[in-house]
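Per full-length UniProt numbering, residue 1 is the first one in the sequence shown, and the count goes up by one each step. Glycine included, every Cβ here is placed at the ideal spot set by N, Cα and C. This one's a predicted model, so the numbers in the text were calculated from it and none came from an experiment.
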Amino acid sequence: MLSPYHLQPLIPHFRPEPDLLQFDTQHSPASHSPSPSQSPARNSNNNNEHREIRCVEGYGYNLYVGASDGTVEWWVCEGSAYPQTNGWVMRHKHTLFPRRPVSKMYILPKVSKLFVISDGTMHALTLPSLEAVPSTIIPTMRGVVSVILNDDELDYGPGSEEKTDMTIVIVRRRVLGIYRLGNRLQSIKEIPLPSSPTAHALFQTYLCCALLSPETSQIVNCVVDLSDASLTEVLPVSQVPPLEGEGGEGKEAVNANIVVIPDEKEFLVTSYTGTSTMGVFLNGQGDPVRGTIAWTSHPLSITVESNWIIALLSDQTISIHSLSDLDRPVQVIPLPHGTNAMSLSYSPYGVRVSDVFSGEKLKPSKMRFLSGKVAPTIETPATVEEQSKRQGEEQGDSIKDEEDDPPAGSGLTPPSSPKPALEHTADKSPAFITAMSETFLVTASSILSLIPTPDIMLLESLCEEHQMSEAASLISDIRRHYRKGTVEPSPSPIDTLNTSHLIRYLSLVLASQLTLSASFEKAAEYWVKGKVDPRWVVRLFEGLRGKMIGSEEEGEIFSGLASAFMDMELVDALITSSIKRNYSPHLTPSTSLSPASTDLRQALENEANKMLAEVLSKIRVNRRKGGGARGLDSRKIDMVVDTTLAKLLTLLANDSQESTEQLLSLLSSSNDIIMSEVEPFLEKRKYVLAKVKEKNGEWGRVLDILRELVESGNQDPMCKDPVQEVAMALMNVQDVDTWTDHVLWMIAKRPEKALDVIINHPPATLSPANFLPRLQPYPETHQAYLEHIVVKQRSPSRDLHQQLLCSLLDEIQRIIVDDGVKYHLDELQEEYKKETERIAGIKGKERETFIYFFARLAPDTPIKRLRLKLAFFLHGSPFYDITQAEQRLEGMERLVYEKAIVYGKLGKHRPALQLLALTLFDPLSAQTYATSAGEILPPRLARSTSSISGIGALEAWATLGEVGKRKKVKDDGGKLEEALVQDLLDVYMQDGTPLSLHCASTLLNTLPHLLPLYPILGSMPPSWPLNIVSPFFVHSIRRGTHKRWEGMVKKGVARGEFAKIEERWLEEMREIAPVVKEVDPDSGAGDSIWDEKIDEKEEYAAVEKDEKGQQEVLSEKMPLRGIDAGRTRHV
């Protein structure tokens, strides 16, 4: 069982003031810590030299010390401002009169009073300032032996002062005086006793005391019922006969001990048996209850705190029993030699004292990261020679190595190197943390306090006993109480460290111990909970820390961790020690040569790496959210975390897909990685290295790495398709040379993906004309890119258009020589002819052009695609050499439709019409050609043909002629269309076949407005039947008659309109006032001219005569004029 209490000094080096005659003065803490050089003459007073502490009482932050010189001192715990006295400072000292030694003190914070007994006189003082209480309230009493307080009324809480009264029993020799203390001391009654009690305790109305029995002349433990003044003797304080104790030390050593067991309504009394002392529990009637306690040495003083019975034994030890287990003590605390403790003092109210042990452990300090066993060693030639010699001896003598291995479970470790001196600097503000103490150990010159064993001490004890699970449970309990706010005692305002610091320290202690024992998986959790500076963990991994931690670089730690951190070795050494410690006898021939140890070492190394990865990952997340240390080292910590984590994830990525994903996520996010440190690790992970370079924008290096990965054949779990990664990287490359080099390489590996990159993601400065020749070694890619440039990008380059035309013709010429292809084309043409003849005999049946029929009926074959592309290109492109196209097509007799397109562009209309009408039997295309001035494939037909073909890639080809198409300049009156229609009719007339006769008849009936009657009559063959040509004649005559009558109607309408205008004009002329102009007789002019004045600014129009006669040109607004000589005058 763990020790429940820890003994520590309360106020170290407790000394009196140099001059004790200075009454009721303020003192500084420095006066209580005289320097070693102080002159003996200053302390020459005999009272000072023999001054002793007699009793101690306290509550809260206040402590009262009664001394042998008749003084009572008031000390206050004020925290870290007074480190020399563990936070205590004396605020006031009160001197009693007369100046006699203080024997006992009784503190009553509930009513703010302190009773001091000095030489049989009871003095009443106020709390906390130690001012004397007026005698009118509490008179000074003499002959007082002691004061008894009711244990049931000792509860105290802040703010309860002067709110109630208390029962006080004053022992005056053989009388018990019962008083009630409120605003003043009131006597209730007095009870006589046979003798003065030497020890006593009270609860409710039951008083247990040690009295001298008149019958046996022995001191006997008695129980007195104050309600009826009855007395019951129980058992003697000493069971040794009086004669055996006379003249010996036994009689003087045996003292009475009586205490109350709180909340149990029981007394504990002692009885000396001669060899030991027995503790007996009594109830209010004096009956024994529970069991008994045995002490080998007689107790000088006993207190009961919580569930523990604490006894100061005469052999200068403190024995602690649990109420639940009285058989044996749970803890025995030996006092330092020469302590000479006198008694225990119990304060039921509790006093806040400094937790010296925890404060020392939690004090901040600094230490070099690379110190202790992880410090780098500078190897001299002699050192290297000795090391190689030692390695040779180990490899050559496996038997000796086996003998050197310690036995399993012995706890031995390999000898370590000498520990370098720790250089740490204490913080200016020392750590200060308080604990609650109720029991004090009083000596003549010092005061010690018993505090519950600090959590730090408990944890260290568990770790020393290798009880790691219990240590982890302890930390979990503390964390749980901290979260719920149920920490006991509650935090103090004078503490400079809170519970979070304690939890951090405890977590780091457990983490370091787990790491030392190579339990890396468990250690990770507590490194994180301890909010460790990651450099303390990284320093253990020599292969990962690199140059990020300097040899003189320091970091802050708790002072209590310095020793453990100094003892930590590198991870490799920790693993070696763990294997030897735990597996030495079971691995043959030795732990260093056994094959099983290799696997074990590898497993432990993986655990260590995972521990570091988990610690760094969680620290990184916390710091990115704003947590963690900030300051001068903040940037450095971020760099160490990110860089080391990247290195570590690179190593772990070989075994874990998750680690690789974490690594890529780290590299792609905002980070503080030092790339020069990480790149050597990434050389083994080409794909990850490529991602790093990609983030830095080094696309050339990315492509080189990915190409190397493809050509080496090594598979990376994260890169299932490196060629695809190359394609994605090429999308971001803007350097033409780099892009071209890797695209050409990619064509050989995966042409379709390379073509996608070429078409959709070229550099902005790439010149298609310059890049296209580089693709000639790859014909398919070359052809596809050429089509993309010309057809989709609409390049106006005549050279590229001509190249595309030649490539199409070359491919068709290569395919069309095949007999199967020839047969296929002939069959399609013959089928179209039959379809045309069949439709000719069906009235109202819609016809379709040959190109539409070909696209709809022909299967998806290369010749179909090529012919459709060629037809669309020949019709839509204006940039190829038409003459050369005609020459190439002359040798391809089956490409009739394509020839007709070329003839149309060359202006060879009659040969084109003959090909369409007679060779291809496509009257609809022939008629379209004639009516569209040589255009065979209008946009609408091209789009519908592309759609019906089922080939999606032809959409761009079909619209080739729509973008940037030049407008045709039509001739006057549509003479070209009339001429082409007449030529088409002549072609049909000259052929004379039934199909031609039907097509001619259709042409005459559908386009009579483009065919003049009389020329047609002259050229029409006499053999044509009348029923074929009569509709044309009827339509022509009817159209001529219609036009004549239409002209006559228009002429009559015009005459009517003219008459109406003329009449309106004459009416307006009549309303204009006349003007008479007389002619000057000297002018010789003839007739006068009469005008109507419309406006003063209106001008008069002159009479215009043409060369043929004097014809007046009249207008609607022209005034009436006459020819006369004379001058103008108004009538």
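From residue i to residue j, what does the alpha carbon distance come to, in whole angstroms?
i: His998; j: Arg867; result: 29 angstroms
i: Leu857; j: Ile863; result: 13 angstroms
i: Gly1109; j: Trp1045; result: Low confidence applies here, because Gly1109 scores a pLDDT of 40, under 50, leaving its location unreliable and the question unanswered by this model.
i: Lys580; j: Pro489; result: 44 angstroms
i: Glu360; j: Val224; result: 49 angstroms
i: Val1034; j: Tyr832; result: 33 angstroms
i: Ile936; j: Gly961; result: 12 angstroms
i: Ser354; j: Lys529; result: 26 angstroms
i: Glu525; j: Arg328; result: 38 angstroms
i: Ala855; j: Leu870; result: 13 angstroms
i: Lys93; j: Tyr346; result: 22 angstroms
i: Glu1092; j: Glu1057; result: Any reading at Glu1092 must be qualified, since the residue scores a pLDDT of 44, below 50, and its modelled position is unreliable; the value itself is stated next. Using only the alpha carbons, I get a separation of about 25 angstroms.
i: Met989; j: Gln982; result: 10 angstroms
i: Ile951; j: Trp957; result: 11 angstroms
i: His6; j: Val678; result: 50 angstroms
i: Val757; j: Trp739; result: 10 angstroms
i: Ile901; j: Glu787; result: 20 angstroms
i: Val220; j: Leu441; result: 27 angstroms
i: Val791; j: Ala942; result: 14 angstroms
i: Pro4; j: Leu193; result: 40 angstroms
i: Asp477; j: Glu264; result: 28 angstroms
i: Glu57; j: Val116; result: 11 angstroms
i: Ile839; j: His801; result: 39 angstroms
i: Gln8; j: Thr486; result: 25 angstroms
i: Ile191; j: Val144; result: 15 angstroms
i: residue 1134; j: Trp527; result: Not covered by the structure: residue 1134. The range shown for the chain is 1 to 1131.
With 16 as the cutoff for other CB atoms within 10 Å, does residue i come out buried or exposed?
i: Ser659; result: buried
i: Tyr349; result: buried
i: Met1048; result: exposed
i: Asn671; result: buried
i: Ala603; result: exposed
i: Ile188; result: exposed
i: Ala817; result: It should be pointed out that residue 817 corresponds to Val in this sequence rather than to Ala. Under this definition Val817 is an exposed residue.
i: Leu10; result: buried
i: Tyr82; result: buried
i: Ile876; result: Note on residue identity: the sequence assigns Gly, not Ile, to residue 876. Buried, because 16 or more other Cβ atoms sit within 10 Å of the Cβ of Gly876.
i: Ile1037; result: exposed
i: Lys662; result: Going by the sequence as given, residue 662 is Gln instead of Lys. That one is buried.
i: Asp228; result: exposed
i: Arg539; result: buried
i: Ser324; result: exposed
i: Tyr929; result: buried
i: Lys693; result: buried
Just to confirm the assignment, what range does the beta strand (DSSP E) spanning residue i have?
i: Lys93; result: Trp88 to Thr95
i: Met166; result: Met166 to Arg172
i: Gly350; result: Ser343 to Ser354
i: Phe879; result: Per DSSP, Phe879 belongs to no beta strand (DSSP E) and is neither H nor E.
i: Ala311; result: Trp308 to Leu313
i: Phe520; result: Counting along the chain, Phe520 falls outside any beta strand (DSSP E), though it belongs to the alpha helix (DSSP H) covering Phe520 to Lys529.
i: Val223; result: Ile219 to Asp225
i: Glu233; result: Ser230 to Pro236
Considering residue i, what are the terminal residues of the alpha helix (DSSP H) in which it resides?
i: Pro722; result: Pro722 to Leu730
i: Met436; result: Segment Thr434 to Val442 is the beta strand (DSSP E) holding Met436; no alpha helix (DSSP H) there.
i: Tyr482; result: Met468 to Lys484
i: Pro680; result: Met675 to Leu682
Problem set entry | At least 3 beta-carbon pairs within less than 8 angstroms: the segment 431-451 vs the segment 291-310 | yes
For this session: Just list the alpha helix (DSSP H) runs in the segment 493-566, keeping only unbroken ones of 4 residues or longer that don't cross its boundaries, in chain order.
Result: 499-516, 520-529, 534-538 and 542-545
Exercise. Looking at C-beta atoms only, is the number of pairs between the segment 767-784 and the segment 931-947 that lie closer than 8 angstroms three or more?
Worked result: no
Exercise. Should the segment 500-513 be called in touch with the segment 365-379, which here means at least 3 C-beta pairs below 8 angstroms?
Worked result: no
Exercise. Can we say the segment 533-541 touches the segment 323-342, given the rule of at least three CB pairs closer than 8 angstroms?
Worked result: Taking a cut-off of 8 angstroms on C-beta distances, the segment 533-541 does not touch the segment 323-342, as fewer than three cross pairs fall below it.
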